[in-house]
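A.B. asks: Numbering (mature numbering (1 follows the signal peptide of the UniProt record, and there is no 0)), first residue to last: -22 to -1, 1 to 387.
My structure is below; once you've seen it, I'll send some questions.
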Amino acid sequence: MPTLKKLLLETFILGCFNSNQASSLDPCSNDNNNNTFASKKTSSRRLSLSDLSNSSSVSIMSDLSNSVLGSNLHIFTLKELKDITHGFCKTSVLGEGGFGKVYKGFIDDKLRPALKPQVVAVKNLDLDGKQGHREWLAEVIFLGQLKHPHLVKLIGYCCEDEHRLLVYEYMERGNLEHKLFKGYLAALPWLTRIKIAIGAAKGLAFLHEEEQPVIYRDFKASNILLDADYKAKVSDFGLAIDGPEQNQTHITTRVMGTHGYAAPEYINTGHLTTMSDVYSFGVVLLELITGKRSVDKNRPMREQDLVEWARPLLKDSHKLERIMDPRLEGQYSYEGARKMAALAHQCLSHQAKARPSMRKVVKTLEPLMNLTDIPMGCFVYVAPTEEKPVIQQSYGIANILSTEKKEII
């Protein structure tokens, strides 16, 4: 039998390249009213990648039309996206990685009457890149149907001849990786870190609690985007996958993701559950606590793997100060840090069943915003009003200086 990736690739190549013969059910066709998906859902159950793996080419196109087209996604022409990005010029580049390049663009009221004028991010598939059509299709299927305040909004896409592009809402503060490790001389304030953790946790909890759960599979700091108020939104669904059915305990798949974030049982066996995402969330919590990357070869040998170095210290309140981000200069809630460290320790358990659900993670984190034992000092945090766009946002790609997602060996 053909693999899912091969089937999806062949199907979409067939549907997109034969643009002159595209039917009204073809999501790669621009022959539709106002180039906007009409609401034609025939079932409350969302379309999943597993549905497509057992379908014929014609059925795939029809299912996509009926399930994704009811989500108000816009189908853009290549010319439109060239216009809003000034011809994909270098000065519009926000980032570059395995998928290709991400450009900053602006949609005015003349382009689409149904769309309000807004800044957008346009992700352009590099046909020679490491990520391909399967990842592009996953983004359309998942973000075309799943809507939540803490998931990045997919506005639309372009599938014209061999071109594959995605159009997202623009997130003013870029991604967490940039803000935590690259962007400032001063540190992100403690409460801002808690707020980001809560938002990202809510996004993952929503995915895990779907009727057909979604396993995100590549949760990391660079995939958490931040708006002007530091509201966190999970982005990049290229590696997302449908979770196990009710009669299954896990799914078995090729190990994919980013080194330093993947759960040990997934790396060792290929067994994937929602608890794999919980482990990855624990790694990000640890990065927020320490201000250190999950893996850094420039650190002393025993500290290069953040989890291995810091995990033994997380439950010892007397040793916790040793791993706290020194850039915070002591201006954080000690009670909040202790509880956040204990939660990270739970999430990073070697036993998947011992990890908390993401809903429990949210309930644990939310009260930490209200703790008042934060010392007051001379620490001053100034958020710049404008930053250079390059390596600002992720939208599903590793930034120029980031570790690209890849198969973990």
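Note that the Cβ used here is the ideal one computed from N, Cα and C, for glycine as well.
(1) Do you know whose CA, among K79, L59, G75 and E58, lies nearest K68's CA?
(2) By the DSSP assignment, the beta strand (DSSP E) with E74 in it spans what residues?
(3) Under 8 angstroms by Cβ, that's how I've got R289 and L263 pegged, so tell me the actual separation to the nearest angstrom.
(4) Are the segment 243 to 254 and the segment 130 to 137 touching by the rule of at least three beta carbon pairs closer than 8 angstroms?
(5) On a Cα-Cα basis, can you pick out the residue from E286, M279 and T227 that is closest to E265?
(6) Start and end of the beta strand (DSSP E) containing E147?
(7) Cα-Cα, which of F66, A164 and L182 is closest to P334?
(8) Counting Cβ pairs, one atom from each stretch, are 3 or more of them under 8 angstroms apart for the segment 121 to 129 and the segment 178 to 194?
(9) Measure the C-alpha to C-alpha separation of T251 and I229 and round it to an integer number of angstroms.
(10) Output needed for A206: all residues of its chain with C-beta closer than 7 angstroms, excluding positions within five of it in sequence on either side, in chain order.
(11) Are M336 and I267 touching if we call contact CB-CB under 9 angstroms?
(12) Relative to the ligand FAD, is the shortest distance from any of its heavy atoms to the C-beta of L56 smaller than 8 angstroms?
(13) What's the call for K275, buried or exposed, on a 16-neighbour Cβ count within 10 Å?
(14) Can you tell me which residues form a DSSP beta bridge with D50?
(15) Just grab the DSSP bridge partners of Q96 for me.
(16) Near M253, which residues of its chain fall below 6 angstroms by C-beta distance, leaving aside the five closest residues on each side in sequence?
(17) Extract the residue ranges of the alpha helix (DSSP H) inside the segment 258 to 343, only unbroken runs of 4 or more that lie entirely within it.
(18) Given this structure, state the Cα-to-Cα distance separating Q96 from I53, to the nearest angstrom.
(19) Under 8 angstroms Cβ to Cβ from G248, same chain only, skipping five residues before and after it: list those, please.
(20) Closest to residue 407 by C-alpha separation, out of I352, V145 and L346, would be which residue?
(21) Quick check: the Cα distance between T227 and L306, rounded to an integer number of angstroms?
(22) Starting from G134, trace the alpha helix (DSSP H) in both directions and tell me its first and last residue.
(23) How would you write the range of the alpha helix (DSSP H) that V212 sits in, first residue to last?
(24) Using 8 angstroms for Cβ pairs, my map puts L158 next to G269. What's the rounded Cβ distance?
(25) Residue range of the alpha helix (DSSP H) that L203 falls in?
(26) Using the C-alpha atoms, what's the distance from L143 back to R112?
(27) From the DSSP output, read off the bridge partner residues of G78.
(28) My understanding is that F120 touches F215, with C-beta atoms under 8 angstroms, so please give their C-beta distance in whole angstroms.
(29) With distances taken between CB atoms, is the gap from L321 to L349 smaller than 9 angstroms?
(30) Would DSSP call L158 helix, strand or coil?
(31) Which of the three DSSP states is assigned to D220 in this structure?
(32) Excluding the 5 residues flanking A179 on each side, which residues of the same chain have their C-beta closer than 8 angstroms to its C-beta?
(33) Which whole-angstrom value is the C-beta distance of V273 and H237, which I expect to be below 8 angstroms?
(34) Per DSSP, I229 forms a beta bridge with which residues?
(35) Report yes if the C-beta distance between L56 and H141 is below 9 angstroms; otherwise report no.
(36) For the putative contact between L154 and A199, defined by C-beta atoms under 8 angstroms, what is the C-beta separation to the nearest angstrom?
C.D. replies: The relevant details are as follows:
(1) Counted from its first residue, the sequence shown places residue 68 at position 90. Here the closest residue by C-alpha is K79.
(2) Taking the first residue of the sequence shown as position 1, residue 74 is located at position 96. First-last of the beta strand (DSSP E) with E74: V71 to E74.
(3) Numbered from its first residue, the sequence shown carries residue 289 at position 311. Numbered from its first residue, the sequence shown carries residue 263 at position 285. No, R289 and L263 are not in contact; Cβ-Cβ is about 11 angstroms, not under 8 angstroms.
(4) no
(5) Numbered from 1 along the sequence shown, position 287 holds the residue referred to as residue 265. Cα-wise, what sits closest to E265 is E286.
(6) For this step, residue 147 is matched to residue 169 along the sequence shown. That run of the beta strand (DSSP E) goes H141 to E147.
(7) By 1-based counting over the sequence shown, the position of residue 334 is 356. That would be L182, whose Cα lies nearest to the Cα of P334.
(8) yes
(9) Here residue 251 refers to the residue found at position 273 when the sequence shown is read from its first residue. Here residue 229 refers to the residue found at position 251 when the sequence shown is read from its first residue. Taking the straight line from one Cα to the other gives about 7 angstroms.
(10) Residue 206 sits at position 228 when you count from the first residue of the sequence shown. Contacts found: E150 and R151.
(11) Here residue 336 refers to the residue found at position 358 of the sequence shown. Here residue 267 refers to the residue found at position 289 of the sequence shown. No, they are not a contact pair.
(12) Absence of the ligand FAD is noted for the structure shown, with no ligands found whatsoever.
(13) Locating residue 275 in the sequence shown gives position 297, where the first residue counts as 1. Classification for K275: exposed.
(14) Counted from its first residue, the sequence shown places residue 50 at position 72. The amino acid occupying residue 50 in the given sequence is Asn; Asp does not appear at that position. Paired residues: none, contrary to the question.
(15) Counting from one through the sequence shown, the residue named residue 96 turns up at place 118. DSSP lists I85 as partners of Q96.
(16) Numbered from 1 along the sequence shown, position 275 holds the residue referred to as residue 253. So the list reads A330 and R333, once near-sequence residues are dropped.
(17) 284 to 288, 312 to 325 and 336 to 343
(18) Here the question's residue 96 lines up with position 118 in the sequence shown. Here the question's residue 53 lines up with position 75 in the sequence shown. Roughly 16 angstroms between the two C-alpha positions.
(19) The residue labelled residue 248 in the question sits at position 270 within the sequence shown. T230, T231, R232 and V233.
(20) As shown, the chain starts at -22 and ends at 387. That puts residue 407 outside it, with no answer to give.
(21) Taking the first residue of the sequence shown as position 1, residue 227 is located at position 249. Taking the first residue of the sequence shown as position 1, residue 306 is located at position 328. Those two C-alpha atoms are separated by around 41 angstroms.
(22) Taking the first residue of the sequence shown as 1, we reach residue 134 at position 156. Element bounds for G134: not the alpha helix (DSSP H) but the beta strand (DSSP E), L132 to E138.
(23) Locating residue 212 in the sequence shown gives position 234, counting from the first residue. That residue, V212, is in no alpha helix (DSSP H); its beta strand (DSSP E) goes A210 to V212.
(24) Locating residue 158 in the sequence shown gives position 180, where the first residue counts as 1. Locating residue 269 in the sequence shown gives position 291, where the first residue counts as 1. The Cβ separation is near 7 angstroms, so the contact holds.
(25) The sequence position of residue 203 within the sequence shown is 225, counting from 1. Premise fails: L203 lies in the beta strand (DSSP E), I202 to L204, not in any alpha helix (DSSP H).
(26) Position 134 of the sequence shown, counted from the start, is the residue given in the question as residue 112. Position 165 of the sequence shown, counted from the start, is the residue given in the question as residue 143. Those two C-alpha atoms are separated by around 13 angstroms.
(27) Position 100 of the sequence shown, counting from 1, holds the residue named residue 78. For G78, which the question treats as bridged, DSSP gives the partners L103.
(28) Start at 1 with the first residue of the sequence shown, and residue 120 comes out as number 142. Start at 1 with the first residue of the sequence shown, and residue 215 comes out as number 237. With a Cβ gap of about 4 angstroms, F120 and F215 count as contacting.
(29) On the sequence shown, residue 321 is found 343 positions in, with the first residue counted as 1. On the sequence shown, residue 349 is found 371 positions in, with the first residue counted as 1. No.
(30) The residue labelled residue 158 in the question sits at position 180 within the sequence shown. In the structure shown, L158 sits in a helix (DSSP, three-state: H, G or I).
(31) As a first step, residue 220 is located in the sequence shown; it is residue number 242 there, counting from the start. In the structure shown, D220 sits in a strand (DSSP, three-state: E or B).
(32) In the sequence shown, counting from the first residue as 1, residue 179 sits at position 201. F259, M336, V339, V340 and L343.
(33) For the purposes of this step, residue 273 is identified with residue 295 of the sequence shown, where counting begins at 1. For the purposes of this step, residue 237 is identified with residue 259 of the sequence shown, where counting begins at 1. Contact flag correct, Cβ pair sits at about 6 angstroms.
(34) The count along the sequence shown starts at 1 and reaches residue 229 at position 251. L250, per the DSSP bridge assignment.
(35) As a first step, residue 56 must be located in the sequence shown, where it is residue number 78. As a first step, residue 141 must be located in the sequence shown, where it is residue number 163. Yes, these two residues count as a Cβ contact at 9 angstroms.
(36) If you number the sequence shown from 1, residue 154 lands on position 176. If you number the sequence shown from 1, residue 199 lands on position 221. Correct: roughly 4 angstroms between the Cβ atoms.
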